[in-house]
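Presented below is the structure to which this report refers.
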Amino acid sequence: MKRSSVLVPLFTILLLLLGWEAAVRGLGIAPVLLPAPSLILKTMIADAPLLFGSLLVTLRITFLSLLIATTAALALAILFASSRLMERALFPLAVVLQVTPIIAIAPLLLVYMEPQSAVLACAALVAFFPILSNTALGLASADRQLRDLFALYDANWLKTLLYLRLPTALPYFLGGLRIGGGLALVGAVVGEIAAGSAGAGSGLAWRIIEAGHRVNIPRMYAALVLIAMAGVAIFGLFSALQRMALRRWHASELSGA
Amino acid sequence: MTNASPIAANADGAVLAQLSGISKTFENGVQALDEIGFSIRPGEFLSLLGASGCGKTSLLRIIAGLIAPDRGDIRWSAGRHPRETGFVFQEAALMPWADVAANIRLPLRLLDVGKQEADARTQAVLAQVGLTPFAHALPHELSGGMKMRAALARALVVKPALLLMDEPFAALDEISRFKLNDELLALWQQANCTIVFVTHSVYEAAYLSSRTLILSPRPGRITEEITLSAADRSDPHFRTSATFAARARVLSEALERAQ
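Residue numbers (my numbering), protein chains in the order written: chain A, 2 to 258; chain B, 8 to 266.
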């Protein structure tokens, strides 16, 4: 990665924050309307035990749901790859689940499940689809001539899966995982907000609602900033994973060769 | 009309496989092959020469057992063993994530050949095609000619009795193609295998084959069988010799008649 690709956006953000700070101070805007960035930072430090504890809760839900979504999506994608019939039967259902807004499904999940499980299910549901559709596409994308070669030497289903289809699907899967990782965080936040006080939750989304009730605007901002930063970190993590796994051979990571 | 009978009755009678009445129509209604019949003789270099889209590739895939013909059959004198068939595709078709050695080894892995023997055979064919220094290179690090060499090595690693080749050098530049033509001939003589070579190049067929079948376009029919006189392979100037020019002319005229 070029240094400028990090420095330029950082500089933009810094400039925005300075402008924000100057505007709040110069116009004398009350913190309850719009807190200055310095006040948000101060709040973050003062409320650190509370906020970072909540961050950990949200992150745990995110990664646990991502693990569930990945496992289910991989299993289903392999099932689709081995049976056209199963794909025809089940893929439309996955699409229906995907296009229905999760915020509309969440209250129903809360009827049937413990709040904690419902939040987890929300997050897993939104992360599931991009991983499934990407992996299914990848498994079906094996080179035709290589498939012929496997057929010529009577390779069975398992060998074809292990040596041809899964390696072919890896870049697709990692792309899906990168999208799914961000969506799992969104799902976790949506789930927590839907669960509300019933969740007795201590995730970041709950902190935002709680601070809102108390008109503690700086804390609302502080929690929001943490969620945004967590999202960026998750995206960065999976981008790095993708780079590491593919840099030796995949066209997306090879420069100029 | 079929030319099957005169072709089948060959001089010494030895036949590796006998194809008769092979017809194939694709799902989209295009008839690719019509009543194809010929024999494959042990040890020969047989070229199937025809314009693009005359069903050459389909015919090769039928011989390999990858697709079934609608009608007709292939009788193998000693049964077809996937273990002893090599296939070289139009593209190198290497696994981009695996190094050259692993790519070449793939058929042995699929055929459950033991590790020691697989190691030895992989090393041997790597040396044969001159890729030993590149055993651990990835496909994207190789030139087009080197990729094709790796694909050829992958076909040779099974010690094929029958080597099927589908326009393998069509995408290469002329210098690489000439070089690989010579290497292929040397390998063919060394390995003592039978080669069925699909090509649309008159010159390639004239240079390589001991026998050439001419295919007409859509639907593919065999219009002529041309046995080429044994070429003097010790002549380094064969490519510019009168013998080669005469061979090319015979094939070229036959191909024109087939259109």
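Every residue, glycine too, gets a C-beta built ideally from N, C-alpha and C. All figures in this text were calculated on a predicted structure; none of them were measured in a lab.
So which residues of chain A does residue i contact, with C-beta pairs closer than 7 Å?
| i | result |
| --- | --- |
| residue 117 (chain B) | 151, 154, 156 and 160 |
| residue 114 (chain B) | 154 |
| residue 73 (chain B) | 149, 152 and 153 |
Under a Cβ-count criterion, where at least 16 other Cβ atoms within 10 Å of its own Cβ denotes burial, should residue i be classed as buried or exposed?
| i | result |
| --- | --- |
| residue 146 (chain B) | buried |
| residue 199 (chain B) | exposed |
| residue 9 (chain A) | exposed |
| residue 122 (chain B) | exposed |
| residue 132 (chain B) | buried |
| residue 296 (chain B) | Residue 296 (chain B) lies beyond the residue range present for chain B, which begins at 8 and ends at 266; the question has no answer from this structure. |
| residue 111 (chain B) | buried |
| residue 55 (chain A) | buried |
| residue 61 (chain A) | exposed |
| residue 15 (chain A) | exposed |
| residue 134 (chain A) | buried |
Roughly how many angstroms lie between the CA atoms of residue i and residue j, to the nearest whole one?
| i | j | result |
| --- | --- | --- |
| residue 248 (chain A) | residue 237 (chain A) | 16 Å |
| residue 96 (chain A) | residue 128 (chain A) | 13 Å |
| residue 271 (chain B) | residue 130 (chain B) | The question about residue 271 (chain B) has no answer, for chain B in this structure spans 8 to 266. |
| residue 79 (chain B) | residue 55 (chain B) | 18 Å |
| residue 173 (chain B) | residue 64 (chain A) | 49 Å |
| residue 53 (chain A) | residue 172 (chain A) | 33 Å |
| residue 213 (chain A) | residue 18 (chain A) | 23 Å |
| residue 141 (chain B) | residue 148 (chain B) | 9 Å |
| residue 109 (chain A) | residue 158 (chain A) | 40 Å |
| residue 252 (chain B) | residue 209 (chain B) | 11 Å |
| residue 186 (chain B) | residue 126 (chain B) | 27 Å |
| residue 253 (chain A) | residue 265 (chain B) | 46 Å |
| residue 58 (chain A) | residue 185 (chain A) | 13 Å |
| residue 138 (chain B) | residue 153 (chain B) | 8 Å |
| residue 66 (chain B) | residue 33 (chain B) | 12 Å |
| residue 132 (chain A) | residue 88 (chain A) | 15 Å |
| residue 49 (chain A) | residue 33 (chain A) | 20 Å |
| residue 30 (chain A) | residue 231 (chain A) | 28 Å |
What residues are listed by DSSP as bridge partners for residue i?
| i | result |
| --- | --- |
| residue 155 (chain B) | For residue 155 (chain B), which the question treats as bridged, DSSP gives no partner whatsoever. |
| residue 83 (chain B) | B:24 |
| residue 173 (chain B) | B:205 |
| residue 251 (chain B) | DSSP lists no partner for residue 251 (chain B). |
| residue 234 (chain B) | B:218 |
| residue 52 (chain B) | B:202 |
In the structure shown, what three-state DSSP assignment does residue i receive?
| i | result |
| --- | --- |
| residue 27 (chain B) | strand |
| residue 266 (chain B) | coil |
| residue 37 (chain A) | coil |
| residue 130 (chain A) | helix |
| residue 205 (chain B) | strand |
| residue 242 (chain B) | coil |
| residue 235 (chain A) | helix |
| residue 189 (chain B) | helix |
| residue 45 (chain A) | helix |
| residue 95 (chain B) | strand |
| residue 10 (chain B) | With a pLDDT of only 37 at residue 10 (chain B), under 50, the local geometry of the prediction cannot be trusted, and the value read off the model is given with reservation. Three-state result, residue 10 (chain B): coil. |
| residue 148 (chain B) | helix |
| residue 77 (chain B) | coil |
| residue 103 (chain A) | helix |
| residue 46 (chain B) | strand |
| residue 119 (chain B) | coil |
| residue 111 (chain B) | helix |
| residue 41 (chain B) | strand |
Under 7 Å between beta-carbons, which chain B residues line up against residue i? List them in chain order, please.
| i | result |
| --- | --- |
| residue 147 (chain A) | 100 and 102 |
| residue 249 (chain A) | 145 |
| residue 116 (chain A) | Going along chain B, no residue has its Cβ under 7 Å from residue 116 (chain A), so there is no contact; the nearest lies around 44 Å. |
| residue 144 (chain A) | 100 |
Determine the chain A residues that contact residue i at a beta-carbon separation under 9 Å, and present them in chain order.
| i | result |
| --- | --- |
| residue 21 (chain B) | Result: empty, since nearest Cβ-Cβ is about 25 Å, beyond 9 Å. |
List the residues of chain A that residue i touches, going by C-beta distances under 8 Å, in chain order.
| i | result |
| --- | --- |
| residue 94 (chain B) | 149, 150 and 153 |
Under 8 Å Cβ-Cβ, which residues of chain B neighbour residue i?
| i | result |
| --- | --- |
| residue 10 (chain A) | Under the 8 Å cutoff, chain B gives no residues; its nearest Cβ is about 31 Å from residue 10 (chain A). |
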